[in-house]
Each structure stands twice: as structure tokens, then as C-alpha cells.
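Student: Next up is a structure, given as C-alpha cells.
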Amino acid sequence: MNIAGRKTRSLLTSRLFGARPEQPGSPPGTLTQRGEGKVERPKLTIITYDEAAFEEREIALDQAAQYASVGRTLWLNVDGLGDVEVLRELGRIFEIHELILEDIVNTGQRPKVEEHDDCFFVVLKMIYGNRQRDDIEAEQVSLIVKKGVIISFQEREGDVFGMIRDRLRSAKGRVRKTGADYLAFALMDAIVDNYFVVMEQLGDQIEILESEVLEEPGTQTAGKLHALRTRTILLRRSIWPLREVVSGLMRAESKLVHKTTLAYMRDLYDHTIQVVETLETYRDMLSGMLDLYLSSVSNRMNEVMKVLTMIATLFIPLSFIAGVYGMNFQNMPELTWRWGYAGALALMAAVAATFLVFFKKKRWF
Amino acid sequence: MNIAGRKTRSLLTSRLFGARPEQPGSPPGTLTQRGEGKVERPKLTIITYDEAAFEEREIALDQAAQYASVGRTLWLNVDGLGDVEVLRELGRIFEIHELILEDIVNTGQRPKVEEHDDCFFVVLKMIYGNRQRDDIEAEQVSLIVKKGVIISFQEREGDVFGMIRDRLRSAKGRVRKTGADYLAFALMDAIVDNYFVVMEQLGDQIEILESEVLEEPGTQTAGKLHALRTRTILLRRSIWPLREVVSGLMRAESKLVHKTTLAYMRDLYDHTIQVVETLETYRDMLSGMLDLYLSSVSNRMNEVMKVLTMIATLFIPLSFIAGVYGMNFQNMPELTWRWGYAGALALMAAVAATFLVFFKKKRWF
Amino acid sequence: MNIAGRKTRSLLTSRLFGARPEQPGSPPGTLTQRGEGKVERPKLTIITYDEAAFEEREIALDQAAQYASVGRTLWLNVDGLGDVEVLRELGRIFEIHELILEDIVNTGQRPKVEEHDDCFFVVLKMIYGNRQRDDIEAEQVSLIVKKGVIISFQEREGDVFGMIRDRLRSAKGRVRKTGADYLAFALMDAIVDNYFVVMEQLGDQIEILESEVLEEPGTQTAGKLHALRTRTILLRRSIWPLREVVSGLMRAESKLVHKTTLAYMRDLYDHTIQVVETLETYRDMLSGMLDLYLSSVSNRMNEVMKVLTMIATLFIPLSFIAGVYGMNFQNMPELTWRWGYAGALALMAAVAATFLVFFKKKRWF
Amino acid sequence: MNIAGRKTRSLLTSRLFGARPEQPGSPPGTLTQRGEGKVERPKLTIITYDEAAFEEREIALDQAAQYASVGRTLWLNVDGLGDVEVLRELGRIFEIHELILEDIVNTGQRPKVEEHDDCFFVVLKMIYGNRQRDDIEAEQVSLIVKKGVIISFQEREGDVFGMIRDRLRSAKGRVRKTGADYLAFALMDAIVDNYFVVMEQLGDQIEILESEVLEEPGTQTAGKLHALRTRTILLRRSIWPLREVVSGLMRAESKLVHKTTLAYMRDLYDHTIQVVETLETYRDMLSGMLDLYLSSVSNRMNEVMKVLTMIATLFIPLSFIAGVYGMNFQNMPELTWRWGYAGALALMAAVAATFLVFFKKKRWF
Amino acid sequence: MNIAGRKTRSLLTSRLFGARPEQPGSPPGTLTQRGEGKVERPKLTIITYDEAAFEEREIALDQAAQYASVGRTLWLNVDGLGDVEVLRELGRIFEIHELILEDIVNTGQRPKVEEHDDCFFVVLKMIYGNRQRDDIEAEQVSLIVKKGVIISFQEREGDVFGMIRDRLRSAKGRVRKTGADYLAFALMDAIVDNYFVVMEQLGDQIEILESEVLEEPGTQTAGKLHALRTRTILLRRSIWPLREVVSGLMRAESKLVHKTTLAYMRDLYDHTIQVVETLETYRDMLSGMLDLYLSSVSNRMNEVMKVLTMIATLFIPLSFIAGVYGMNFQNMPELTWRWGYAGALALMAAVAATFLVFFKKKRWF
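Chains as they are written, first to last, in numbering that gives the first Met the number 0: chain A, 0 to 364; chain L, 0 to 364; chain W, 0 to 364; chain E, 0 to 364; chain F, 0 to 364.
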């Protein structure tokens, strides 16, 4: 089990920690350029809107500053955290604390909310089922909520905010009429709503596995159970702290969050609780299924043993009788009897019948 | 286990989530029309009463408005949530917040109470045993408690409020003399009282299964245990949050709840605790029964093994002796002895007796 | 497992719920006459005392009123809850709230204390071992503590208050010098003291079972373990809430409880904690004993398997050798050898010795 | 399991409850003379000291009063609780509440601290390993801490306070310079320090057992594991409440405890936490060892099964072939072939080789 | 299991307790010289710095005093706790309370923070994987944080503070610009950062073991699982209390900690939570892996049993038939039949085929 000399990070480790600085003792707030070779430039997209106007475009880094003080609500979305320089520059433009920037880059954060003087910093996990690999993937989404400005950082392109963009574009619903705090809520709501999708997928898998356990448990079943349990354990790490995040936002008495948004936050909190409880229910069910599986393995072994025992118990005494009359003693009177053979067969039948009655009485078949 | 492409919702998923919007990111407070084809119109029933008068009738949607401001206590019951337009119209008439309407329609809510400025919103689960399918069914009941008005929303027709209607009609008891808050209590009390019925059914099933485990555990027993455990897990989700709901109502310092009703709320709270504790007791008992079942499976396997071992151990050496004297060597002096055959039989008897004594000493029979 | 149509309540159900109204939705505070046929009249006994005087007698219902306002401390004990009319009349005389009367009659209450304006209402479980049936029985005792008046309701005659009556009669100790609150404490103390007796009985049973598990575990042992665990689970329901009851009384800042009585309440609280912790210790020990039992079952199966394996492994190869020389080929040179038979026996001995050495090396015997 | 009629208390019962009054309902605060026959008189030892003087002597009961009001710090140690009269007299001299006296005599108390108007009453368990019986024994030590006076009650002679007496005699350290509160701390500290000794002994036993489980688990191992687990369960009862005791003393804002002593109390609290956590670690480790033991039992059974299966599977088909050619049909052409016998042997060898390859492929050996 | 007479401390004991005084009852705050023979002198290293200047050198004990009141921030690092005199002298120079000195020497402390009037005393565990022994080692690091002075005590040379020294030397980052409180944070941060390294190593080992459990579980696997679980249990003792330590420092309203450092403390707290949760996740995963392992052992036994059962069930009846026709009765008509032998073989084939169909139906192969 000696692991000295391993260089590549294992899957578990990276799933649990995400990216982290290698060197203990390095100063906090330092943004270290990760990876080798060419750096992938982040993609910056801005959406500005108020009740009347709406603008959406991809921008270059040097254009970001000019949007920082636009009068309308600004949503700056950053896809890709590979280029440290870009983050540092954004930090300078939007006055983001270096520790926040470090948390954004180190994608192994647990979900949390931090209230700063002029902003909220929210870390969430966006989770979606990867249908190709039949696995669940998590991506860290960091939100900075300032007065009139939302900045969201994602590890990769592709997110669950499509419908929000649609609502912004089409001016449907309340989202264009309200400020940055409602947009922040909407983003978090979309992430949590997507948890339900993941939860339903997981629930379907549990149900399929449950019928497998009940109907035809095989040697693979234990491995599948284990895989699902590991998945709930890892999901739990992402989802459990969410309750504190949302309740932290509800309790925060900040001017950044309007009172009307609080009602929506309470709704979001209800959803979060529901996801957390569903996960706990899954854990209970998987644990029950393991018990069921183990007792089913025992039962099958019992059945195998019974078959062996019945056959062996039935025939071993008969073989013994045959063996006796196969002995070559010169003086064996039975061998010369007229009904000797028939008698021996009858004896065997009687013994077999006795055992069958015994098994019947024991309810073995 | 890949579930991509499944379209129909599984039983587990729908039991856990009820109906939910499909699309993450859709705006909160949006009522989406569920299902295809023709919409089943909800059935609206009103009961108005004061100490002197009583009226009960089924109404059409457009009649609802005229009852909204009747002087007497009004109980409007809505059976069926399929038609979103009706709910929207009721929301408009009785000034119900859009988030509340959304919660009413999405029947996967956990039991909760929300205190709003002018009303309480209570979500409960009505649970009843379905005798045909030998299963337990849950139906979401949402109550809106306003000054002088109770609106109750149910998924289907048929409820546990029959006796309350009788008491209202016959002016028996305190229910006609008191206001909407007492009626709300009475409705919740009827729901919780029915939990006891479900609990007794569950307790009976547990008891029947317990004697099965003790007396003749079969291969089906583990599955039955699992089914009962799953049932308690799912019941727990409906019942556990109830404590918070009732204690939330007790602590609420609202003008909507009279002080005299609070004493009844405390009674209801006691009942709720009792249900919750009974469920926990069931869990403990089912877990103990699983242990008992597993040890019984082990014991039966032990017994099977013992039978096999005794028979095999007894006859294998005897067969060996018979085999020896069945060998065809020309020079086997025993074969020609006068008492050779009898001696061999005696030897066999001696060996068998030795083993029987050994088994007896080991207390194997 | 379909239980539809069952009419009689199972033991478990009645143990958990006691008597309860059948019909959900029936109004709270309604006293329904239970049972059919003739009603057993409750037995009313009063004891009045002050430091100087003492009176004890059985009374009829219509005499109760005249004692309600006697100057001395009054203890009215009611044995039997079958006649609802009597309770209603007592409720009228002593001004007892209808919800309290309902709780007294429905004997499935969990232990609790309720502080009302002019009285405390305490529900306790009196537990005693039934030596005939080797079981534990619980009886609900309800206490109403008013200024100068204690009313106690019991399900059946026979209680653990004998020594308190003796102390009252003989004017020994502090009980005659103090008021109703101290008498209430003394009654509760007698009930809790009796828990120790039950606990000791349970402890003795656990100890006897522990030596059975250690020395000669049989197939009945698992059932006995299960029975004891179920007993602790049910006891827990009666005893666990007791802590809240006593601490509730300690914290209550009521004029009904004198400061000097509070010191005794603290003592009672200590005893309650001790009972609760003992029960938890029993649970831990029973759970440990189950593990021990299961490992002992496994070990015995191991032993059985070893015997089978050794015998079979020893003789099957020997039988094979005998079988080979029992073949009837015409051309088998060994059969005609002079030492053929002896050689075959020697070969068998050598094979057997090899296996015995192998088993010895494996430490199988 | 009927225990009716048993008179003697079992070991478990007495270990859990210590001595307790037999009769429920007996008045609190009553000191009942326990045991029959002659009463063992307690041994009273006093130590009085201040910074300058020191006196230590055994005294008779009637001398106690004259020391009650000596100017110096007084430590009165009472060994033996058998004589109720002595305790009553001491209670009279030092004004000890009757409930405290009762707690001192009933040695089944859980560790606790009670703050009274003019004194602290502390109950602790002194635990020491009994090397003769390889068991752990507990003795109740009660401390009464008054202004300038410490009274300690022990069940038996012999304690862990030897070094404190030495420090008092030799005027070393701070103990002579400080008051009764520091002495109380020192006594408690000595008791807790001794827990570490017991913990180390337990740790050594766990470690020895761990290597037994890992290297050569036998049928006795499960019993030893169970014994150690029971020991931790019983120790937990004595040690767990200690945290509350010490933190209770720390929080008490009494003039009896000087501020300088509080720093030492905090130190003691740290030690207590350490003992509690060590015990929890032991529980976790023992639970892990049980899992290891069970899997080792399963593995050994697997190994036994494999040996049986290999031998049986190898030879049963061979015996069958030999059986076929041992049949006595007149018309069996193989029997007359020249190479018939050799061919049969070759066939057997081929079958055996096939099975060996099969086993090898299955990695059974 | 009697351990009387053992002199050397076991590994477990020393891992749990570290070094502790042997004699219960010895006065607190006493520094006892541990070990025999020559004492290893501690190595004292000082670093003094402000924004402009930096000095780093190893000093002798008598030089320490002159640095105590240098104007710049002073970091005195002590490697080795063997020489009690040196500690006593340092305690005198820097006015350290005797209880703190005792805690520094007794290396079995749990992580804690103590707030004193003029200093913080922090105890931490520095943990690093020992690659040679493939084990995890812990070393106690005690920090004393005074105004402008940090004193760190380590058991051995070698630590994780290398990068901090580099940052101090090179005046990089904020560490030279800030005071002693930030340095204290940096030291703690380096220790916690190193936990991540240990956690990743542990995670890698768990992952390697997981694939072993899934792919080829052997008899060693259970032992390895047990070793990893024990490691997590021991790590938990070191890491769990850390949360309280860091949150204690965050809440402390001391002038010693500047407000700007608090933000970094919050960052450290997040890291600590992350480590704690990762450890809990590991525990959950290891517990899941044990279940998987046990079910895999059961499955393998099942497979072995099936092979045995199939072979035995197939051949035992065939052998019986052969045995019948091997009997030596004179009157066995079949033996003389022309197709007798072929018929017997055909019968055998039919029986074998029947069983094969039976096994196929049971899905045994």
C-alpha cells in the first residue's frame, strides 16, 4: 500500500479536494498558476439589464472595467479558471479580496457563504449527471454579489442558467424588474433545482437496483450498491453545507438583500431541506438494501447447502449398502439367497424413503 | 444501470418528490399546467357557519368571490389540483402569494408552516392505508388560514374530515362556536388522528411479521422486512417535520390563533410526538427483527450442515471398509475367514457407534 | 400480510397506544365510554391530613364534593377509568379541563407534565414486573396537583404507594408536615424507585442470558435476546420522557411547588437520569451480546465444517484407492502380487497420515 | 429466565446500582442501616494544616466536633459507610443535608456536583485495576467542600491520595499555602490522574487482543472482546458524567472556589476530556476489532470449505470411474482389453489434472 | 490478558497519551525530568524581524533573555523537550505559567487553545506521513503567542515551517509587514495545509484498497481495512478538536489578534472544516468497503459451495448406480443381459443430464 513516488492524483483525491496548492506553508491569498504549457483563456460574458434595456455579449478582459460602473444591473460570467492573471485583474477592477480570489481558484471548497463589508461571496457546487459515463460530476460555481453586480465563476463552459438567460432576454417574469440580489437568488435556485434532476436519476438507479436485489441478486450487485453509496457520500459533502449557506443568506441583515427577495430565499431553503432529506432517505434505503442483499446471499447459500445435503444424505447410505454387498468375502450368505438382490434393493428404497420423509418433515422442500 | 432515455417516473421518485416542475431555472411562483389532454376540473365545496347558521354546497369557480367576504366563518375545500387556471383565480380572489400557489401545486412539499402577514400556510400529508394494494398512500393537504377563512387544497376527493363536517352540521361540540383557527386545528387534528390508524395497521403488520420471523422464517421474510422498513422510512419523511409544524403554530404570536385554541394545539403536539416516537419504536423493532432473522438463517444453515456432516461422517468410513473388502487382490486372507463377513460388519458397527458417541458428546442431536 | 378485517387489537398496538378513540376527527375533549356491557365503577379513596389529623376512607362519588374544600391536604385516589360519568363528575367538582380528562382516559399518553393556571397535570407510567407471566407491565398514573389537593388516577387497583400511606398514617417523616406538592413528589418518587426494582430484574435477566450466550448458546438464545431488546425498547418509551417531566417540574416557577420541595425534585431528577442511563447501558450490553451470539454461531458452524472436512478429506482418497483395486480388469498385475493387498493398505495409511499432518499444521484439531 | 425468588444481587446489578434501599416508597433522606450482623465502624482520619502547621491523626467520632471549628484547613476522611449512626452524627456536626447523607450511603450514584448554599457536594468514582482478578473496580468517593473544611467519604480503606498526603506533610508545592478549594481540586485531580493508569491498562489489553485477532483468532477471542466492550460500557457510566461535574465546578460562581484554583480546574477539565475521548477511541477500536474478528472467522470457514471442496471434487469423479469398472456385468468389453487398466488409470489422471487446472484458474491454491 | 508486570509502554498507549507523569496525585505544574541517562539539550532558534530587518540564528539558553525585549517581532523555536531545566528557565524569562509548561512537556495533550491575560497558548498536532514505515506520525507543537513574541515548542527537529522561514527571509508576502499574530496564523496554516497532504496520502491508500476489495479481495484485505480504520480513528483525535481551537481564536476578543488577521483565521477555519469532513467521508467510505468486503467473502464461499455441490450431486448418484452393479449377488439378472452394461451407462448419463438441467434452471452456472 506504499504510495511513495506516485505523481498523479487519484480520482478520489481530486473529487474530494479539487485543485489545491501543492506546497504547505505557501502564503494565503496567493494565486498560483496551475498546470503546464499553454493557458486556456477564460471566457467572459456580460449581461447588463434593467427593466427597459438588455445587453448580452462576450467581452475581452480589458473591456471589463468599463462595465464595472454601468448604471444597470451587471452579470459578469467567467468560464474557466485557468488563467490567474485574468482573475487578478478582475479582482483589481471589482475590488475582490485576495482570499476570495484564492477560494475561487481552489475548486475544492465546500459550499459556503461569506458576508463581507460590501459583498457576499457564495460558493456552490453545480451537479449534473454525466450520461456518457453514468456518473455524477460537480463543478464549483462562485458568486460575488455586490450592489448591482453579480460575478459568477465557473470551472468549465456549460451550466444550468440557460432558462434564466432566456427570462432575462424576454423580460418575462420578475427577474428584469428586480436587482442583483434576485438574480443571485435565481442562479442559486437554478443550481438547487438541478439537484432534483440528479436526485431523480439517483432515485431511479436505486429503484432499479432494489428490484435487482429483490429478484436476482448477483455477485455484481454488492459492487453496484457500494458505488451508489459512495455517490451519496460524495453528494452529501456538496449538498449538506448548502443548508447553512441559504440560511446564512436569510439571516444576513444586509442592505444587499431586499426584503422581497427574502421570501424567495425561504422557498429556496425549503427546496434545500428537501434535497438534503431525500439524500438521507436514499442513504437509509441503500443501507436497507445492503441488509437485504446480505440476507439474500445467506439464503442462497442455505439453498445450495440443502441441495447438497439432501443428495449426499440420500445416496451415501445407499452406496454403503451397495458397497457391503460388493465385498468379496467367501462366506456371505445373503449373496446366495434367491431374493438377496431384490431384498437389497428394497432395503435401499426403504432407507431412501425414510430420509425423504425426514426432509419433508424438516420442510426442506 | 444507465437510465438515460427513461421517460416515465418511477414509483420511488414520485413518492419522494410528488409532482415537480421539470425544467431547472424556471422562475419561482410560476404555475405550469401539468399533464396532457383534458384537464380535470377541481371540485369546490364551501361550508359557511357561525353559531346560528350553517350552509354547505358545491360551487362553481365564479361563485367563489361572493363568499370571500361573507360575515361567517368560511371553509372552502378544493379537491383536485389539475387545473392551474382555477388556482390562479382563487389566488386572485383570496390574495394568495404566488409562491404559496406553487407549493400547493407541487405536491412533493415536506410538511411545513409559513407565517405570512395575513395568513398561515400549512402543508400536511394525509396518510391512509390502501387496503386493496396493502400499501400506504399519502396525499398533500394544504391549508390557508386567514381571518375567518380556511381554504383547504387536496389532490383527490375523499378525506378524513367527515366527522368534522358532521360536527359542523349538527352544531355539536365547540366547533361551531369558535372561529377559523379552531377549524384549522380540527382539520389538522383529524389528519394526525388518522396517523394513529395507519400506525396501528403498521404495528399489526410488524407483529405478524415478528411471529413469522420467530416461528417460520422463509426466504420471503427478508423481503417483507425490507418493505416494512422502506415504509417506515417514507412515513418518517411525512411525519417527522410535523413536530416543527405544530410547534411553529404554537409559538406563533399571531392574532389569527386565539389563546383558547393554543391549549388544543398543545394537545395536538402531544399526539404528534406520540406518532413520531411510535415510528422510531417501529424502526428499532424492525432493526431488531432483522438481526433475529439473520441469526435464524445462520442457525438453520448450521442445522443443515449438522445433518450433512453427521450422515457423511457416519457412512464415509463405513463405505471405505466395504470398499477395502471389495478389492480383488488374490491374496486377502480375511476374505476366506469363516467370520470374515461378520467381523467386517462388526467393525462397521463399532465405527458407527464411536461416531454416534462423538456426536452425542458434541450435543449435535 | 393483509390485515384488513382484523377486529381485535394486537398486543403490540395496545402496549404502544393504550386505549384510544377509534374514530379520527372526533372532537378533542370528548370522553367516550369504552368497552361494552356493564361498566366497572371506579373505586374512590380519600386521605386527608395535616400535621395533627389524618383520615382515610373509601367514598362514593357524591361524597367527593364535600371533601373538595376541606381545609387539610386532600389526596383523592381513583382506581379504574372505566366509567366516564364518574370522571366527568369529578372534572366538574375539581374544575379539571376537558382535555386533561381526555388524557386521563386515553391511557396511551407518553409521560408529560402540563402547567395550567391553577394546577399541574402529570402523566407517569407505573411499571412493575409481572412474575407470573415473566413480563413487564405498565399502568398509566395521572396526577392532578392543585393547591392542597392531589388527585391520582390509576387504571387498576394495586400500586406502589403503600409505604407512603403508611408514612401518612404513622405521621413518620416529613410527609405529614408538608403540603400537597411534597405528596406529589413522594408519589412520583415511589414510582421512580420502583423502576429500580424493574431495572434490577431486567439486569438479572440480562446477566443470566449473558452466561447462556457465553456458555451454551442454543437456537432459543436469539429469541430471548430479541425479547429482552424489545422490552428495553418499550421501557424506553415510558422512561425516556420522564427526564423532561421532572426537569419541567423543577424549572416551573409556580407557587404550587415550595422551594424546599425543589431539593427533593433534584434528587428525583438524579434518580431518573440514573434509570435512563441504566437502560442505555442495557441496550449497549444487549447489542454486544447479539454480536457475541452471532460470532458464536459462526464459530460452531466452523467447527461442524471442520469435522466434516476432516472425515471426508481423510476417507474419500482412501475409498478411491479401494475402488481402484475393486475394478474388474483382467489385466491388473497388482492384484496377483504377493504383497499387493498389504501394499494397498500401506498406501492408504500413508495417504491418511499425510492428511493428518496437514490438518495438524492447519491447527484444525 | 424467570428470576422470581432470587435473593442475592447479581454482579451486574450491584456494579450498576451499588447499594440501594430495597423498598420503593421509603422517604427520601432516610438512612437505613444496611447489612446484617455486626457493623463495621468507619475509620475517621483528620488532617489539619495551614502554611505553618500540620496535624494528622485518626480520631474517634466524639472528637470530630472539636475539629469542626478549628482555624486551619480541615480534611476529614471517612473510610467505610457501614455505620449509619456515625454518618448521622457527622451530618449533625457539619450541618450536612439529609439528602446528601443519603447520596453518600447509596453508592450507586452517578458522578455529580451539587451546589448548596454553604457547600459543594461532589460525587466521584475512584477506579483502579484489580490485578489479582484482572478486573476494574470502582469505589464511590463523596466530597463535601465547605469553607475551610473538606470531608471525604470512601467505601473502603485504600485510596489514590497518598501523594497528596505526602505533599501536605512535607509542605511541598502549593497545597499547604492554599485553602480547602485547592485541596478539593487536588483530590479530584488524583482520582482523574488514576483514570489514566486504568486507561493505559485497558489500552494494553486492547493492543494484546488486537494482535490476537490479527494473528491467531480463536473461539475465546469473541468472549474476550465482549468482556473488554462491557468494561468500556461500565467505565463510560463512571467517566462520562465527570465532564459535567468539572465544568459545573468551573462555572459555579461561588466564593468557595478562588479564582486561582479555577485555572487548575480548567487543567482538570482538559484531563477529563482526554479520558472521555480515549474511552470513545477504545470503543471505536473494539468495534473495529469485532468486524475484523468476524471477517477472519468467515475467511477461515472459507478456507476449510475450499479444502473440502477440492478434495471431494477431485476424488469423487475418480471414484466413480473406479466404480464403473468395478461393476460385474458379463459383457464389459473394456475389462478384457489389454490396456484397459492402464487406460482407466490414464483417464483418472486426465480428469484429476483437469480439475487441478480449474482450481488453479480459480486461484484456490 | 493479564498485563501485570509489563514495563514498556505499548505503541497504542504512547500514541494516545504521549508522555505523561507516572504517579497519580503528583502536583499539577510540576515538570518532571523524563527518561534516563544523558539529556538531549533542546535546540533554540530565534528569528527576529520587522518590515526592514531580519535576523535568524541558533542561540544558547543564556542568550534567550536578551531577545525577550527586542523591539522587533521575535519567533523563538525550541526543538526537543527533553531538558526540563531549559523549559523552566524559558518559563522564567518569558513569564509562562507553570501549567502551560506542564502541558508543553506532556505531549499527550489534545489540540486546544487557552486564552490567558497576556498570551494565547495553542496546542496543535503536526502530522506527517512516514514514508519509510508507511505510517502516520504526530508531533505536538505548542505555540505561545504574546505581544510581539511567538514561542514554538516541538518534540523533534524537522517541521513544516520551511516555506514560512523562506517568506520571512525573502520579505515576500505580507508576513514581514504584520505582527506576531499573523505569524501565529501562518504557522497554524502551515500545519493544517500539511493535513491535506496526509489526507491525500490516506485517500490514495483508500482508493488502492477499494480496487483491491472490488477486484481481488484476499485474507489480508480485512487487516489492511482495519489498519486504515484505526488510522482514521487516531487522526480524528488529533484533528477533530482543531475546529474548536480555530473557532476559539476567531471568537477571542483579544488585543493580541488584529482584525485583519481574523479574515485569515476564517480562511483557516474553512480549511479545518474541510479536513474534518474529509476524514468523516473516509470513515464512511471505509465502513462501506468493509460491508463490500464481507459480502464478497460470502459470495466467494457461495461459489465454492456451488462447485462442491454440483460435483458431489452429479457423481454421488452415479457412483451409487455403479455400486449397485458391483454387488456380488448370484441372482442379478441385469448382469447377464446383453445390453446390461450399455444400459447402466445410459442410465447414468440420463441421471447426470437431469441434474445438469436442474442446475441450469437454478442458474448455478
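We put the CB at the ideal spot given by N, CA and C, even for glycine.
Compare the beta carbon distance of L:A311 and W:L355 with 8 Å and say whether it is the shorter of the two.
Tutor: Your numbering for residue 311 of chain L matches position 312 in the second sequence. Your numbering for residue 355 of chain W matches position 356 in the third sequence. By the CB criterion at 8 Å, L:A311 and W:L355 fall outside the cutoff.
Student: Taking the alpha helix (DSSP H) that E:I238 falls in, what are its first and last residues?
Tutor: Position 239 of the fourth sequence, counting from 1, holds the residue named residue 238 of chain E. Here the alpha helix (DSSP H) through E:I238 covers 218-238.
Student: Under 7 Å, CB to CB, which of the residues in the region 269-287 of chain W have a partner in chain E?
Tutor: D269, I272, Q273, E276, T277, T280, D283, M284, G287
Student: Quick check on the DSSP output: the alpha helix (DSSP H) that includes E:E214 runs from which residue to which?
Tutor: Counting from one through the fourth sequence, the residue named residue 214 of chain E turns up at place 215. From DSSP, the alpha helix (DSSP H) with E:E214 extends over 179-214.
Student: For the alpha helix (DSSP H) containing L:R265, list its first residue and its last residue.
Tutor: Working through the second sequence from its first residue, we reach residue 265 of chain L at position 266. From DSSP, the alpha helix (DSSP H) with L:R265 extends over 258-323.
Student: Against F:I103, what residues of chain B qualify as contacts under a CB-to-CB distance less than 9 Å, listed in chain order?
Tutor: Absence of chain B from the displayed structure is noted, the protein chains being A, L, W, E and F.
Student: Run down chain F in chain order and give the residues with a C-beta less than 9 Å from the C-beta of A:R155.
Tutor: Your numbering for residue 155 of chain A matches position 156 in the first sequence. The contacting residues do not exist; A:R155 stays about 22 Å from chain F at best.
Student: Can you have a look at W:F119 and say buried or exposed, based on whether 16 or more other CB atoms are within 10 angstroms of its CB?
Tutor: The sequence position of residue 119 of chain W within the third sequence is 120, counting from 1. Counting Cβ neighbours within 10 Å, W:F119 comes out buried, since at least 16 surround it.
Student: Relative to the C-alpha of L:G217, which candidate in L:Y281, L:R228, L:V256, L:S294 has its C-alpha closest?
Tutor: Here residue 217 of chain L refers to the residue found at position 218 of the second sequence. That would be L:S294, whose Cα lies nearest to the Cα of L:G217.
Student: Taking the beta strand (DSSP E) that F:S151 belongs to, which residues open and close that run?
Tutor: Walking along the fifth sequence from the start, residue 151 of chain F turns up at place 152. Its beta strand (DSSP E) spans residues 148-153.
Student: Check each candidate in W:V275, W:V245, W:I99, W:S253 and name the one with the smallest Cα separation from W:L234.
Tutor: Reading the third sequence from its first residue, position 235 is the one you call residue 234 of chain W. If we check each option's Cα against that of W:L234, W:V275 comes out closest.
Student: With 8 Å set as the bound, which would you pick, yes or no: does the beta-carbon of F:A345 sit closer than that to a beta-carbon of chain E?
Tutor: Indexing the fifth sequence from 1 puts residue 345 of chain F at position 346. By this cut-off, F:A345 is not an interface position.
Student: Just to confirm my understanding: we take L:L285, look at its own chain, exclude 5 residues before and 5 after, and list those with CB closer than 8 Å. What are they?
Tutor: Position 286 of the second sequence, counting from 1, holds the residue named residue 285 of chain L. Around L:L285: I205, L224, L227, R228, T231.
Student: Determine which residues share a DSSP beta bridge with E:L123 and list them.
Tutor: If you number the fourth sequence from 1, residue 123 of chain E lands on position 124. According to DSSP, which records beta bridges pairwise, E:L123 is partnered with E:V140.
Student: Would you mind stating whether A:I150 and A:F93 have Cβ atoms separated by less than 8 Å?
Tutor: Here residue 150 of chain A refers to the residue found at position 151 of the first sequence. Here residue 93 of chain A refers to the residue found at position 94 of the first sequence. Contact: yes.
Student: Just to confirm my understanding: we take L:L73, look at its own chain, exclude 5 residues before and 5 after, and list those with CB closer than 6 Å. What are they?
Tutor: For this step, residue 73 of chain L is matched to residue 74 along the second sequence. The answer, listed in chain order, is T47, Y66, V148.
Student: Should the region 179-199 of chain L be regarded as contacting the region 165-180 of chain A, the criterion being three or more beta carbon pairs within less than 8 Å?
Tutor: no
Student: Could you tell me the alpha carbon to alpha carbon distance between L:Y127 and A:E54, rounded to whole angstroms?
Tutor: As a first step, residue 127 of chain L is located in the second sequence; it is residue number 128 there, counting from the start. As a first step, residue 54 of chain A is located in the first sequence; it is residue number 55 there, counting from the start. Going from the Cα of L:Y127 to the Cα of A:E54 covers about 54 Å.
Student: Looking at the C-beta of A:A352, does it have a partner C-beta in chain F at a distance below 8 Å?
Tutor: Along the first sequence, one-based indexing puts residue 352 of chain A at 353. With 8 Å as the cut-off, A:A352 does not count as an interface residue toward chain F.
Student: Evaluate L:P316 with the Cβ neighbour count: other Cβ atoms within 10 Å of its Cβ, from every protein chain shown; 16 or more gives buried, anything less gives exposed.
Tutor: Here residue 316 of chain L is taken as the residue at index 317 of the second sequence, counted from 1. Under the 10 Å beta carbon count, L:P316 is surrounded by 16 or more other beta carbons and is classified as buried.
Student: Give the C-beta separation of L:A52 and L:L89 to the nearest angstrom, bearing in mind that I take them to be a contact with Cβ-Cβ under 8 Å.
Tutor: One-based indexing of the second sequence puts residue 52 of chain L at position 53. One-based indexing of the second sequence puts residue 89 of chain L at position 90. Incorrect: roughly 24 Å between the Cβ atoms, too far for contact.
Student: Does A:G90 come out as helix, strand or coil in the three-state DSSP assignment?
Tutor: Your numbering for residue 90 of chain A matches position 91 in the first sequence. In the structure shown, A:G90 sits in a helix (DSSP, three-state: H, G or I).
Student: Within 10 angstroms of its Cβ, does E:T106 collect 16 or more other Cβ (buried), or is it exposed?
Tutor: One-based indexing of the fourth sequence puts residue 106 of chain E at position 107. E:T106 counts as buried, since no fewer than 16 other beta carbons sit within 10 angstroms of its beta carbon.
Student: Have a look at F:G81, F:Q108, F:G322, F:V121 and flag the residue whose alpha-carbon is nearest the alpha-carbon of F:A137.
Tutor: Against the fifth sequence, residue 137 of chain F aligns to sequence position 138. Measuring from the Cα of F:A137, the nearest candidate turns out to be F:Q108.
Student: Compute the Euclidean distance between the alpha carbons of F:G339 and W:G322, then round it to the nearest angstrom.
Tutor: Start at 1 with the first residue of the fifth sequence, and residue 339 of chain F comes out as number 340. Start at 1 with the first residue of the third sequence, and residue 322 of chain W comes out as number 323. Roughly 21 Å separates the two Cα atoms.
Student: Are the Cβ atoms of L:M125 and L:V159 separated by less than 8 Å?
Tutor: Stepping through the second sequence from its first residue, residue 125 of chain L is reached at position 126. Stepping through the second sequence from its first residue, residue 159 of chain L is reached at position 160. One thing to note: L:M125 has its Cβ within 8 Å of the Cβ of L:V159.
Student: My output table needs one value for A:G79: the three-state DSSP class, helix, strand or coil.
Tutor: Here the question's residue 79 of chain A lines up with position 80 in the first sequence. The three-state secondary structure of A:G79, taken from DSSP, is coil.
Student: If you measure from the beta carbon of F:M326 to each beta carbon in chain A, is any gap under 8 Å?
Tutor: For the purposes of this step, residue 326 of chain F is taken as the residue at position 327 of the fifth sequence. It does: the Cβ of F:M326 has a partner Cβ on chain A nearer than 8 Å.
Student: Ordered along the chain, which non-local residues of its own chain (more than five positions away) have a Cβ less than 6 Å from that of W:E214?
Tutor: By 1-based counting over the third sequence, the position of residue 214 of chain W is 215. Around W:E214: no qualifying Cβ.
Student: In the DSSP assignment, the beta strand (DSSP E) including W:T47 goes from what residue to what residue?
Tutor: Here residue 47 of chain W is taken as the residue at index 48 of the third sequence, counted from 1. From DSSP, the beta strand (DSSP E) with W:T47 extends over 42-48.
Student: Return helix, strand or coil for L:A60, following the three-state DSSP convention.
Tutor: Residue mapping note: residue 60 of chain L aligns to position 61 of the second sequence, counting from 1. Position check: residue 60 of chain L holds Leu in this sequence, whereas Ala was assumed. DSSP places L:L60 in helix when its eight states are reduced to three.
Student: Once the 5 residues before and after L:A59 are set aside, which same chain residues still bring their CB inside 8 Å of it?
Tutor: As a position in the second sequence, residue 59 of chain L is number 60, starting the count at 1. The answer, listed in chain order, is L43.
Student: Given a threshold of 16 other Cβ atoms within 10 Å of its Cβ, counted over all protein chains shown, does F:N330 qualify as buried or as exposed?
Tutor: Here residue 330 of chain F is taken as the residue at index 331 of the fifth sequence, counted from 1. That one is exposed.
Student: In chain F, which residues lie less than 8 Å from E:F436 when you measure between Cβ atoms?
Tutor: The displayed coordinates of chain E run from 0 to 364. Any statement about residue 436 of chain E would go beyond what the structure contains.
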